[in-house]
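Working notes, structure below.
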Amino acid sequence: MIDDGVSMHPMVPFTALAVPLQSGIVPDGGRDEIFRSIFVVFLVLGTIVGVVVIGYMLYNGYKFRDRGERDGDDGIDRPELGELPEGGGGGRKLALSLLLSAAIVISLITWTYFALVDVETRATETDDSLNVQVEGYQFGWEFIYPNGNSSETLRVPANTTVQLTVTSRDVFHNFGIPAFKMKTDAIPGQTTDTWFQPNETGTYQAQCFELCGAGHSAMNANVTVMDPAAYQQWYENITPSNATTGNATATNASATASNATAATNGTTAA
Ligand SMILES: [Cu+2]
Numbered sequence: 013m014i015d016d017g018v019s020m021h022p023m024v025p026f027t028a029l030a031v032p033l034q035s036g037i038v039p040d041g042g043r044d045e046i047f048r049s050i051f052v053v054f055l056v057l058g059t060i061v062g063v064v065v066i067g068y069m070l071y072n073g074y075k076f077r078d079r080g081e082r083d084g085d086d087g088i089d090r091p092e093l094g095e096l097p098e099g100g101g102g103g104r105k106l107a108l109s110l111l112l113s114a115a116i117v118i119s120l121i122t123w124t125y126f127a128l129v130d131v132e133t134r135a136t137e138t139d140d141s142l143n144v145q146v147e148g149y150q151f152g153w154e155f156i157y158p159n160g161n162s163s164e165t166l167r168v169p170a171n172t173t174v175q176l177t178v179t180s181r182d183v184f185h186n187f188g189i190p191a192f193k194m195k196t197d198a199i200p201g202q203t204t205d206t207w208f209q210p211n212e213t214g215t216y217q218a219q220c221f222e223l224c225g226a227g228h229s230a231m232n233a234n235v236t237v238m239d240p241a242a243y244q245q246w247y248e249n250i251t252p253s254n255a256t257t258g259n260a261t262a263t264n265a266s267a268t269a270s271n272a273t274a275a276t277n278g279t280t281a282a
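Count the sequence shown with my numbering and you get residues 13 to 282, in order.
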């Protein structure tokens, strides 16, 4: 596959761009996994570079230390005050260190670029992902699903890319779910696209990240990541009136009960 891309194909630049995305070199998965990979790679490389640089500095500091009377005993030619260093090997050390740093920095930039391109582009891809509209208002969030129903709790199936179209009904807000490393503007009259991919079921917190008024600090919403089968069942059973509670059976049952009571009362009165 890689060979095909590099041979005489007219689309070589694009194929070449796609290769790092599919090869597994660039992290895949949820945004949290991608950002964690970037953090770990930078941490490890930074630690290695730091250890090498500081280690080499300490080694030279020790090797060329001032030994007073005993200078010269160990056969090391120490620099004298005012003497210019002669350098070794016609600048080979300098060239090597420049080349190494350039290689490390360029590969890091390229790798990070492709990891972030994936984060950016997945917001607009339309595959079998779930699309939810998010509307912010003073002070809360409403989540509108493809079937037109809405809820105050964002319910999503696990292991699915969830694409969000975010907007606001009144002032500037900012919708974010820290657990999924996702945060985007909610601006009236505009929409912003973003995505996240939850992999574990559970309840997470979404909140507003832009000071929008007196109720800003309480502008939270629960994000419930459900087992896909349970999600499907919930999704198929919600109706616009009871979507908020997320408990279709209970609401229908109580509605039926009150209707029955009304009917009975009616009969008695007549
Ligand atoms: Cu807000």
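All residues carry an ideal CB built from backbone N, CA and C; glycine is no exception.
Judged by DSSP in its simplified three-state form, L110 adopts helix.
With respect to the C-alpha of E154, the residue from A226, Q219, G73 having the closest C-alpha is Q219. Per DSSP, A242 is one residue of the alpha helix (DSSP H) stretching across 240-249. For D205, the enclosing beta strand (DSSP E) stretches over residues 204-208. Comparing alpha carbon positions, the residue from V61, N211, F76 closest to S109 is V61.
Within the DSSP bridge table, the entry for S163 names F155 as partners. Contact between T179 and N143 does not hold, since the beta-carbon distance rounds to 14 Å and is not under 8 Å.
Boundaries of the beta strand (DSSP E) around I189: 185-189. For the pair of segments examined, the stretch 221-240 was found to touch the stretch 162-173: the number of CB pairs separated by less than 8 Å reaches three.
Spatial neighbours of F221 in its own chain (CB-CB distance under 7 Å, excluding positions within 5 residues in sequence) are listed in chain order as N186, G188, K195. Relative to V56, the option among N72, I116, R134 whose CA is nearest is I116. DSSP places L93 outside both helix and strand once states are collapsed to three, so it counts as coil. The three-state reading of DSSP puts L70 in helix, counting H, G and I together. Per DSSP, the unbroken beta strand (DSSP E) holding V178 starts and ends at 174-180. Beta-bridge pairing by DSSP links D197 to N186. Ranking Q209, F54, D182 by CA distance to the CA of G201 puts D182 first.
Restricting attention to I88, Y157, Y125, S229, the CA atom closest to the CA of P39 is found in Y125.
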